Amino acid sequence: MKIESLVIHGGIDGDERTGAVNVPIFQTSTYKQSAFGVNSGYEYSRTGNPTREALEKLISELEHGYAGFAFASGMAAITAVITLFKAGDKIIISNNIYGGTFRVLDKIFKNFNIGYIIADTTNLAEVKKSIDKTVKAIYIETPTNPLMDITDIKAIADIANDNDILTIVDNTFMTPYLQTPITLGADIVIHSATKYLGGHSDVVSGLVVVNTENLAEKIRFIQNSTGGVLAPFDSFLLIRGIKTLAVRMDRHNANGETIAKYLNDREEVSKVYYPGFHDHPGYEVQTRQANGYGGIISFVIKNGYDYKKFLSSFKLITFGESLGGVESLICHPASMTHAAIPAEIRQKVGIVDNLIRLSVGIENSDDLIEDLVAAFKASK
Ligand SMILES: *Cc1c(COP(=O)(O)O)cnc(C)c1O
C-alpha cells in the first residue's frame with residue numbers, strides 16, 4: 000500500500016466486531032478476566048489499550064519499523080528512549096536540538112550520570128571524532144529546529160553501525176510522509192506527534208518506533224514501568240489526524256516554498272533558513288533523503304527593524320509556541336522554544352534575538368503573505 004492509503008487504512012482499520020469505520024475509543028482502565036489466568040490479551044490500560052495499540056501499529060507501519068509506542072507527550076517519548084541508557088553512557092546530540100530535549104539531558108539525566116556530547120552532526124568528521132567507548136548513541140534531528148540544518152541520516156547510521164551504537168532520529172519536522180529514517184539505517188524514530196502527525200494543535204502526544212524486536216521489548220518494558228502512556232481519547236485524535244497527513248503535508252510543502260521565496264525577497268530580511276533553496280548547504284542531502292522540504296522556515300530580521308512589533312502585528316498567523324498545525328504559527332525561538340538553551344550557546348549556534356520561526360499552515364498563501372506584509376510594515 001502506498002503511504003497516501005496507509006495513513007487512512009494502516010494499523011487497525013476500523014472495528015471488526017461492529018463494522019465501525021473508526022477504531023473505537025476504549026475508555027477503560029482495566030479488563031475482565033474470564034477465568035483464572037485467562038484474559039483477552041488486555042489486563043490493564045497502562046500495559047495495553049486497543050485504541051492506543053491501533054495508533055502504535057499505524058505509526059510502526061508508516062515508519063517501516065518493528066513496533067511503535069505512544070506516549071503522553073514528545074518529551075515523555077524522548078525520556079523513555081533515554082532511559083535505555085545507563086549511568087556512564089553518553090549520547091551525541093545535534094548542536095541545535097529541540098530545547099526540551101537538551102533540557103531533559105542537561106538538567107535531569109545529567110543527575111543520573113547519563114551524559115551528552117554536542118556535535119555539529121552535519122559534519123561527519125566531527126561526529127566520528129566525538130565517539131569514544133562511553134558513547135552509546137547518536138541522536139539527531141533533521142532538519143533541526145529552528146536553523147534547518149540537514150544531517151545525512153544514512154551517513155550517521157553507517158558511523159553508528161561501525162561503532163555498534165544506536166542511531167536515534169527525532170522525525171517530528173518531516174513525518175513519515177516526507178522521510179523514513181529507519182529505511183536509511185536508523186534504529187529508533189521519535190515524534191512529537193503534537194505537531195504534524197496530530198496536525199490540528201489539539202493534542203499533546205509522542206511516538207517512538209523501533210526497528211528490532213530486542214529494542215521493542217526494552218521500550219515496551221520502559222513504557223509499562225514508567226507509565227507515560229497516551230490516553231485512549233488522545234490516541235483516537237492522533238489516528239484521526241494522521242488520516243489527512245498526506246494531503247496536509249503536500250500543502251505545507253507548497254505553502255512553505257511560496258512563503259520562503261517571498262521572505263527571501265523582502266528587504267527587511269537578512270537571511271532565510273529553508274532547505275528547499277538550492278544554495279542551502281543541506282539541499283542536496285535533503286533532496287536525496289526526503290520527499291519534500293516541509294513547512295518550517297526560519298528567518299532573521301535585519302537590525303533596525305523591530306522584531307517585537309513584527310511579532311505582535313499578526314491577524315491571521317498565530318503568535319505562539321508549537322508548529323505543524325493546520326494554522327500558521329510564528330514564534331521567537333530565543334525567548335520561547337529555545338529559552339532553556341544558555342544564551343552563549345544560542346548565540347554561538349545562530350539562534351539570535353532577531354531570529355523568527357514560522358510554521359507555515361495550510362491556509363491560502365495569499366492570505367499569509369498579506370498578513371506578513373502588514374507585520375513588516377509595523378516593524379519599521
Ligand atoms: C515539540 C517538539 C518536541 C517535544 O514534544 P512535546 O510533544 O511538546 O512534548 C520534541 N522534538 C521536537 C523536534 C519538537 O518540535
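Heads up: the sequence shown runs through residues 0 to 379, numbered per numbering that gives the first Met the number 0. Backbone N, C-alpha and C fix where the C-beta goes; we use that ideal spot for every residue, glycine too. Treat the numbers as computed from the prediction; the structure is a model and nothing was measured.
- Secondary-structure assignment with DSSP links ALA66 through a beta bridge to VAL209.
- Leaving aside the five residues that flank GLY349 on each side, the residues in its chain whose CB is nearer than 7 Å to its CB run, in chain order, LEU146.
- Per the coordinates, the alpha-carbon of ILE96 lies some 23 Å from the alpha-carbon of LEU214.
- Here DSSP, grouped into helix, strand and coil, assigns HIS190 to strand.
- Within its own chain, the residues whose Cβ lies closer than 8 Å to the Cβ of LYS270, once the five positions on either side in sequence are excluded, are PHE298, VAL299, listed in chain order.
- In this structure, the C-beta of ASN95 stays at least 8 Å away from each heavy atom of ligand 1.
- Per the coordinates, the alpha-carbon of TYR41 lies some 15 Å from the alpha-carbon of GLN222.
- Closest by C-alpha distance to ILE241, out of LYS314, MET335, VAL325, is VAL325.
- Between the alpha carbons of ASN48 and ASP264 lies a distance of about 51 Å.
- Secondary structure of ARG51 (DSSP, three-state): helix.
- Put simply, the backbone Cα of LYS31 is about 54 Å away from that of ILE344.
- For ILE340, the secondary structure class from DSSP, reduced to helix, strand or coil, is coil.
- The Cβ neighbour count for TYR43, taken over all protein chains shown within 10 Å, is under 16; the residue is labelled exposed.
- Taking a 10 Å sphere around the C-beta of ASN302, we find fewer than 16 other C-beta atoms and assign the residue as exposed.
- Between PHE235 and PHE25, the alpha-carbon positions lie close to 9 Å from each other.
- Look at TYR115 here: in three-state DSSP terms it is strand.
- Counting only the Cα atoms, ILE152 lies some 10 Å from THR120.
- Positions of the alpha helix (DSSP H) runs, each at least 4 residues long and wholly inside the stretch 218 to 272, are given as 231 to 241, 244 to 263 in order along the chain.
- Relative to ligand 1, the nearest heavy atom lies less than 8 Å away from the CB of VAL203.
- Taking every protein chain shown into account, the CB of ILE137 has 16 or more other CB atoms within 10 angstroms, so this residue is buried.
- Judged by their CB atoms, LEU237 and LEU54 are nearer to each other than the 9 Å cut-off.
- Assignment of beta-bridge partners to LEU354 by DSSP yields VAL299.
- DSSP places VAL284 in the uninterrupted alpha helix (DSSP H) bounded by 282 to 288.
- For THR174, there is no enclosing beta strand (DSSP E); the enclosing alpha helix (DSSP H) has its first and last residue at 174 to 177.
- Under a 10 Å Cβ-count criterion, ARG16 is classified as exposed, with fewer than 16 other Cβ atoms of the shown protein chains found around its own Cβ.
- Rounded to the nearest angstrom, the gap between the Cα atoms of ASN363 and LEU371 is 13 Å.
- Around the CB of THR78, 16 or more other CB atoms lie within 10 Å, so the residue is classed as buried.
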